[in-house]
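Single-structure report; data block below.
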Amino acid sequence: MTNQQRDELDEFLRRHTWDCNTTKQQSVHVPCDCGRDAARARLALLREQKDGAYKERDALVCALSKVFRSWLSRHPSTDTTWDDDWRWIVFVQLPTGQATWHIHDSELPMFEHLQVVKGNVWDGHTTEEKYRRLAATTRQPKEETER
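So for the sequence shown, our numbering puts the first residue at 203; every next one is plus one.
And the structure:
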């Protein structure tokens with residue numbers, strides 16, 4: 203669970219913790235099964251929405267990787283800034299510059315057409331720069347982006 207997910211769950215519990223014996227909302231956390239069930243249901247819904255968004259994004263990244271020169275790389279296991287199941291990176295060389303996306307291990311089969319390149323060759327772009335580069339891209343054949 204990420205820090206953001208924990209914060210969202212804490213906020214949800216803060217707003218939805220009820221005393222099981224009354225219909226009055228409590229101002230402090232009162233552990234009860236109904237609150238935990240509601241929290242579990244909310245967390246499951248948040249996970250489902252997040253996973254769905256990543257699957258949609260990764261389908262688009264997969265399509266880009268078939269149009270422009272692309273490869274996979276992996277963060278070393280010593281890099282603790284990423285969870286183990288989020289260490290794969292898709293590199294796409296757009297005509298406007300490099301763009302990268304981390305993918306979850308479960309999405310790796312979508313990218314089996316890509317070569318794995320050892321070492322992280324990220325050019326230092328920010329997320330904002332990546333999307334500026336993507337917005338400025340016009341379609342060019344794969345061969346032209348390999349020069």
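Each residue gets a CB set at the ideal place from its N, CA and C atoms; glycine is no exception.
If you're wondering where the values come from, they're calculated on a predicted model, not measured in any experiment.
Flag this pair as yes or no: are the beta carbons of residue i and residue j separated by less than 9 Å?
| i | j | result |
| --- | --- | --- |
| residue 286 | residue 275 | no |
| residue 301 | residue 262 | no |
| residue 299 | residue 281 | no |
| residue 327 | residue 256 | no |
| residue 297 | residue 329 | no |
| residue 319 | residue 284 | no |
| residue 243 | residue 211 | no |
For residue i and residue j, which I take to be in contact (beta-carbon distance under 8 Å), what is that distance rounded to the nearest angstrom?
| i | j | result |
| --- | --- | --- |
| residue 277 | residue 289 | 4 Å |
| residue 292 | residue 270 | No, residue 292 and residue 270 are not in contact; Cβ-Cβ is about 11 Å, not under 8 Å. |
Does the distance between the C-beta of residue i and the nearest non-hydrogen atom of the ligand NAP fall short of 8 Å?
| i | result |
| --- | --- |
| residue 254 | In terms of ligand content, the structure shown is empty, and the ligand NAP therefore cannot be addressed. |
Please report the straight-line C-alpha distance between residue i and residue j, rounded to a whole angstrom.
| i | j | result |
| --- | --- | --- |
| residue 315 | residue 303 | 16 Å |
| residue 250 | residue 311 | 20 Å |
| residue 265 | residue 247 | 27 Å |
| residue 268 | residue 238 | 44 Å |
(request) Please go through the stretch 294-347 and give each complete beta strand (DSSP E) segment of 3 or more residues, from N-terminal end onward. (result) 299-305
(message) Could you tell me which whole beta strand (DSSP E) segments of length 3 or greater appear in the stretch 231-289?
(response) 272-276
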